[in-house]
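Position one of the sequence shown corresponds to residue 3 (our numbering), numbered consecutively onward. Heads up, the beta-carbon is just placed ideally off N, CA and C, and yes, glycines get one too. Keep in mind the model is a prediction, meaning the values are calculated, not measured. Notes for the one structure printed next.
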Amino acid sequence: MKKFLGYLCFIALAALSALSYQLFIFPNSFAPAGFNGIATMIQHIFGINVGYLSLIFNIPLIIAVFILVNKDFAVKTLVYILTFAISLIILERVDLSAIIYQTETGTSTILGPLVAGILNGGILGIAFMMNCCSGGTELVAALIHKYKPSYDFVWVTFVLNSAVAVLSFFVFEFRFEPVILCVLYCYAQSVVSDKMLKGNKEAVRFEIVTDNPQEIADEVIVKLGHSCTLIGAEGCYTHNRKNILICIVNKHQIVQMKQILAKYPSTFANVSNVSYTIGQFRYPRETSSTIE
3 MKKFLGYLCF
13 IALAALSALS
23 YQLFIFPNSF
33 APAGFNGIAT
43 MIQHIFGINV
53 GYLSLIFNIP
63 LIIAVFILVN
73 KDFAVKTLVY
83 ILTFAISLII
93 LERVDLSAII
103 YQTETGTSTI
113 LGPLVAGILN
123 GGILGIAFMM
133 NCCSGGTELV
143 AALIHKYKPS
153 YDFVWVTFVL
163 NSAVAVLSFF
173 VFEFRFEPVI
183 LCVLYCYAQS
193 VVSDKMLKGN
203 KEAVRFEIVT
213 DNPQEIADEV
223 IVKLGHSCTL
233 IGAEGCYTHN
243 RKNILICIVN
253 KHQIVQMKQI
263 LAKYPSTFAN
273 VSNVSYTIGQ
283 FRYPRETSST
293 IE
């Protein structure tokens, strides 16, 4: 049931995102961030629905992520992309003129991309927390991180979004307004999604009190690419011998870490933010069962 409700959530988020495109993005003639921004400009020029373009762009990337990176992540993202694309195709045939946000005078044009950026930023943040994404640059990020985990994908995203903003000047009748609206959308989306993820780029420290140190450490090494440090300890109340595992993982791996710990009911863990790491933390380790 939990898994079923999770997929219903992906479907609802994707449909809501598609609706935001129809209400706030397409009527105001600007391109949003990433691959969907490119698709929006193609739709503006050639009239090809963004839904079809989204499938063309994302399906090959999803297949690559499924084979090379993470099957669960790829399947959830596939459900999101299919729903998003189908929703856009259906909504194109629905008369939404009574509720779309569009200004003829341009006095409040910024509200369209601002609302769309906030809404899609929240959707993206929720999707990330549920081990899913909206496709496009996030799928590229997953593939790059697989082989080059030390790369900062923020700069790759920045370059892509900058290219979309510059191209929108030429696509939308040589006007600066679409460029400004694209930048505003990107900013709103990134701020909201980052706030929801509470600083996804930072690391997280787990201090785990457990009777199953070896099993947990093995799963962390194999599934997350990080290792653990084992410390012997004693409970002050019962004076029973315990084991403490100290493990630092990426913030986007919190969900996976919680899934690992949930398998061991007697385990207790406290979590704290790590603002800076030095050494081999960014590089995946070989999958061995040795605890440091």
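Rounded to a whole number of angstroms, what is the C-alpha to C-alpha distance between C188 and A35?
-> Just so you know, the alpha carbons of C188 and A35 end up roughly 6 Å apart.
By Cβ distance, which residues of its chain are closer than 7 Å to N122, with the 5 residues on each side in sequence left out?
-> Around N122: S19, S22, Q191.
Cβ-based burial, A264 [other Cβ within 10 Å; buried from 16] = Under this definition A264 is an exposed residue.
Reference L232, options G8, N242, C249, closest by Cα = The alpha carbon of L232 has as its nearest neighbour, out of G8, N242, C249, the alpha carbon of C249.
Contacts around A86, its chain only, beta-carbon distance under 8 Å, and the 5 residues preceding and following it disregarded = A quick correction: the sequence has Phe, not Ala, at residue 86. Apart from sequence neighbours up to five positions away, the residues of its chain that approach F86 with a beta-carbon distance below 8 Å are A16, A17, S19, A20, G53, S56, S136, G137, ordered along the chain.
Beta strand (DSSP E) segment containing S274, residue limits = Counting along the chain, the beta strand (DSSP E) containing S274 begins and ends at 270-276.
Taking C-beta to C-beta, are C134 and T79 nearer than 8 Å?
-> Going by C-beta atoms, C134 is nearer than 8 Å to T79.
Taking the alpha-carbon positions, what's the S291 to I262 distance?
-> Note that S291 has pLDDT 42, beneath the 50 cutoff, so the model's placement of it is unreliable and no number is given.
Pull up the CB-CB distance for G237 and N245, whole angstroms please, since I reckon it's below 8 Å.
-> The beta-carbon distance between G237 and N245, rounded to whole angstroms, is 11 Å. This is too long to meet the 8 Å contact definition.
Can you tell me whether S268 is buried or exposed, with buried defined as 16 or more other CB within 10 angstroms of its CB?
-> So S268 counts as exposed.
Give the secondary structure of K5 by DSSP, where H, G and I count as helix, E and B as strand, and everything else as coil.
-> Three-state result, K5: helix.
Note down, in chain order, each residue of its chain lying with its Cβ closer than 6 Å to the Cβ of N163, except the 5 sequence neighbours on either side.
-> Counting only Cβ-Cβ distances below 6 Å, and skipping sequence neighbours, we find A35, C188.
From I47 to I218, what distance separates their C-alpha atoms?
-> Their Cα atoms are separated by approximately 53 Å.
Exposed or buried, what is M3 when buried is set at 16 or more other beta-carbons lying within 10 Å of its beta-carbon?
-> Burial state of M3 is exposed, judged by a 10 Å Cβ sphere holding fewer than 16 other Cβ atoms.
Separation of E179 from F171, as counted between CA atoms | So the alpha carbons of these two residues sit roughly 8 Å apart.
Q299 and L98: beta carbons closer than 8 Å?
-> The requested residue 299 is not part of the displayed model; the chain covers only 3 to 294.
What's the gap between the Cα of T240 and the Cα of N272?
-> Distance from the CA of T240 to the CA of N272, rounded to the nearest whole angstrom, comes to 20 Å.
Whose CA, out of P215, D74, F160, L145, lies closest to the CA of A129?
-> Checked all of P215, D74, F160, L145; the closest Cα to A129 is D74.
8 Å Cβ cutoff met for N214 and Y149 = It is not a contact, given that the beta carbons lie outside the stated cut-off.
Figure out for me which residue from I64, K260, L93, L116 has the closest Cα to the Cα of L186.
-> When the alpha-carbon of L186 is set against those of I64, K260, L93, L116, the nearest one is in L116.
Throw me the rounded Cβ distance for the E169 and L70 pair, which I believe falls under 8 Å.
-> Just to set this straight, residue 169 is Leu in the shown sequence, not Glu. So it is not a contact: roughly 30 Å between Cβ atoms.
Would you tell me roughly how many angstroms separate the C-alpha atoms of T105 and V276, rounded to the nearest one?
-> Whole-angstrom Cα-Cα distance: 45 Å.
Through-space distance from K197 to I125, alpha-carbon basis | The C-alpha of K197 is placed about 12 Å away from the C-alpha of I125.
Can you tell me whether DSSP reads G234 as helix, strand or coil?
-> G234 sits in a strand when the DSSP states are folded into three classes.
What residues match up with C249 in a beta bridge as DSSP calls it?
-> Bridge partners of C249: F208.
Please classify N38: is it buried, with 16 or more other beta-carbons within 10 angstroms of its beta-carbon, or exposed?
-> By the neighbour-count rule (16 or more Cβ atoms within 10 Å), N38 is buried.
Span separating the alpha-carbon of E175 from that of K225 | Whole-angstrom Cα-Cα distance: 49 Å.
Under 8 Å between the Cβ atoms of F26 and Y103?
-> Going by C-beta atoms, F26 is nearer than 8 Å to Y103.
Any idea if V67 is buried or exposed, counting beta-carbon neighbours within 10 angstroms, 16 or more meaning buried?
-> Buried.
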